[in-house]
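According to the working numbering, the residues represented by the sequence shown are 2 to 81, in order.
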Amino acid sequence: MATMNISLPDELKQFVDQQVQEHAYGSSSEYLRELIRKQRDVEQLRGLLLDGANSGPSVATAPDFFDKMRERAQARAASK
């Protein structure tokens, strides 16, 4: 695992320490890793949403499309 040193103003350091205690993180590093993971997930989702928005209109589906999909999912779940 790589190491990164960061400098924070006292106010932000106090905030991080408070979050670590209030949310039962093991350390400030654990808290910051979680923030970074969440931001990465947000960026991935944003990219997927933009891809979808830029993909153009969807093709019309048959009225029973979702009923058939539900039936297939239920059959697959029942076979396990």
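Every residue, glycine too, gets a C-beta built ideally from N, C-alpha and C.
Remember, predicted model here, so these are calculated numbers, not experimental data.
Query - Coil, strand or helix - L9 by DSSP - result: Stepping through the sequence shown from its first residue, residue 9 is reached at position 8. Note: L9 maps to coil in three-state DSSP.
Report task. With S59 as the anchor, note down where its alpha helix (DSSP H) starts and where it stops. Result -> Stepping through the sequence shown from its first residue, residue 59 is reached at position 58. Per DSSP, S59 lies in no alpha helix (DSSP H) and is assigned neither H nor E.
Requested in this report: Can you tell me which of E44, S29, P64 and N6 puts its alpha carbon nearest to the alpha carbon of Q15?
Outcome: One-based indexing of the sequence shown puts residue 15 at position 14. Closest option to Q15, Cα to Cα, is S29.
Query raised in the report: What separation, rounded to the nearest whole angstrom, lies between the Cα atoms of L13 and Q19?
Result: Taking the first residue of the sequence shown as position 1, residue 13 is located at position 12. Taking the first residue of the sequence shown as position 1, residue 19 is located at position 18. Each residue's Cα considered, the two are about 10 Å apart.
Requested in this report: Might you give, ordered along the chain, the residues of its own chain that have their beta carbon closer than 6 Å to the beta carbon of A54, omitting 5 neighbours on each side?
Outcome: One-based indexing of the sequence shown puts residue 54 at position 53. Apart from the 5 residues on each side of it in sequence, A54 has no Cβ closer than 6 Å to any other Cβ in its chain.
**Report entry** For M2, the three-state DSSP class (helix, strand or coil)
**Finding:** Sequence index remark: in the sequence shown, residue 2 carries index 1 (1-based). Taken through DSSP and simplified to helix, strand or coil, M2 comes out as coil.
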